[in-house]
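In what follows, a structure is listed as structure tokens, so that the remarks can point back to it.
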Amino acid sequence: MYYLKAFINSFYNIEWLRKQKTEGKKSANYIILFVLLFSVIYAGYFANRIPEELVQVRDEVFEQVPDFTVDLVDGKLQVSDLEQPFVFENSIEGESFNLIVDTVNTTTLSVDEVMGDKSVSTVFINQTQIVLHDASVGKTTIQQLSDFPNISTSKQEILNWSDDFLSKKTTFFVFLLIAWFIIFTLTKVVYPLLLSLVVFIIAHFAKHEEWKFAEIYTVSLYVITAPTVLVALASLAGFYPPFLYTILTFIGLFIVVFYKKESVVSEVVKADESD
């Protein structure tokens, strides 16, 4: 019951938040449950969504190509019965995506040629490499095919394998649960340390020294509740404002640390007027 009240109070109750600065153990338990809860929610959401989107992209790609065979021997890839270079262009939620296959010696495109537009996520497969460019982070990764064992497959075998793989939503869920738990631990437990340090330094220079660093950090584990929920809702609505989580968390901490009761302020004002 405490944790439900803590969740609700974390959104608006400044007085309650200030009182939690000495409740280190409770805040630790709260943030663990909070991180685990959000990890489960995110993992469940994406475990259902990702396979469906991958199936959609796969079907759109494979509808455009005839039956083909793939042979990888001693690090050299050969794709037969496919007109090359094969170029597939698509867009997922407004983000452009390209798949390019060119394993023919006489027409092989260069990596620089294919990756000319860095704003487009691209998968480029040639005779010796798989080149992946993620436009969202601006990172390009090159995987040498010589690292893979010899294989031989066909379009139908790939379809059968992908159907089997993408149907295992439990596997996706477990993998995503671990991934999101790590991500949320970093952003909800570790990152507030930095924000708390900034607020502590500001409070120190502002002669607001009744707050210790550990107390500010303890409160921050509750303060991140509202920013986390708001950012999640904004993401669901397709709205991705930069630094929103950081800004909201910092503002929340600043308000809690520098908050003064209205009655206290009014008393000070009255005292000044009487003088």
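Quick note, my numbering runs 6 ahead of the 1-based positions in the sequence shown.
Cβ atoms here follow ideal geometry from the backbone N, Cα and C, with glycine treated the same way.
Values in this document were obtained by computation on a predicted structure and should not be read as measured data.
Going along the chain, which residues of its own chain have a beta-carbon closer than 8 Å to the beta-carbon of residue i, five neighbours each way excluded?
i, result
"Ile106", "Pro91, Phe92, Val93, Phe94, Leu115, Val120, Thr128, Val129, Phe130, Ile131"
"Tyr246", "Ala240"
"Phe260", "Val205, Ile208"
"Val274", "Residue placement at Val274 cannot be trusted, given a pLDDT of 41 that sits under 50; the coordinates are not used to answer."
"Asp73", "Asp87, Ser160, Lys161, Gln162"
"Leu23", "Asn15, Ser16, Val225, Tyr228, Val229, Val262"
"Lys82", "Gln133, Thr134, Leu151"
"Val71", "Leu88, Phe92, Lys161"
"Thr28", "Glu221, Thr224"
Just tell me which of the options has its CA closest to the CA of residue i.
i, options, result
"Gly30", "Pro248, Lys218, Leu254", "Lys218"
"Ile222", "Leu151, Ala238, Phe256, Trp167", "Phe256"
"Asp80", "Ser152, Ala220, His210", "Ser152"
"Ser142", "Ser33, Thr75, Ser125, Leu42", "Ser125"
"Val76", "Lys175, Leu43, Glu69, Ile164", "Ile164"
"Leu42", "Val180, Lys175, Thr28, Glu69", "Val180"
"Phe4", "Thr234, Phe171, Ile136", "There is simply no residue 4 to check, as the chain begins at 7 and stops at 281 in what is shown."
"Phe178", "Arg55, Leu201, Ala212, Pro233", "Arg55"
Excluding five sequence neighbours on each side, which residues of the same chain lie with their C-beta closer than 7 Å to the C-beta of residue i?
i, result
"Val67", "Phe94, Leu105"
"Tyr9", "Tyr36, Leu39"
"Asp140", "Ser127"
"Ser168", "Arg64"
DSSP beta-bridge partners for residue i?
i, result
"Gln150", "Gln135"
"Ser160", "Thr75"
"Asp2", "No answer is possible for residue 2: the residues shown for the chain start at 7 and end at 281."
"Thr128", "Asn104, His139"
So, for residue i: in the same chain, excluding its five sequence neighbours on each side, which residues have a beta-carbon less than 6 Å away from its beta-carbon?
i, result
"Tyr265", "Ile20"
"Leu182", "Ala49, Phe52, Ala53"
"Ser33", "Thr224, Leu227"
"Pro233", "Tyr251, Leu254, Thr255"
Give a yes or no on whether the minimum CB-CB distance between residue i and chain C is below 8 Å.
i, result
"Phe40", "Reference to chain C is not applicable here, since this structure consists of a single protein chain."
Checklist entry - If you pair each beta-carbon of the stretch 37 to 57 with each one of the stretch 191 to 200, do three or more pairs fall below 8 Å? => result yes
Next on the checklist: Under 8 Å: do the stretch 178 to 188 and the stretch 42 to 53 share three or more Cβ pairs, one atom per stretch?
Outcome noted: yes
Checklist entry - At which residue ranges does the stretch 30 to 114 contain complete alpha helix (DSSP H) runs of 4 or more residues, listed in the order of the chain? => result 30 to 68
Checklist entry - Are at least three pairs of beta-carbons, each pair with one atom in the stretch 226 to 236 and one in the stretch 15 to 30, less than 8 Å apart? => result yes
Checklist entry - Which ranges does the alpha helix (DSSP H) cover as unbroken runs of at least 4 residues, wholly within the stretch 195 to 280, from first to last along the chain? => result 197 to 211, 219 to 229, 231 to 242, 250 to 264, 268 to 280
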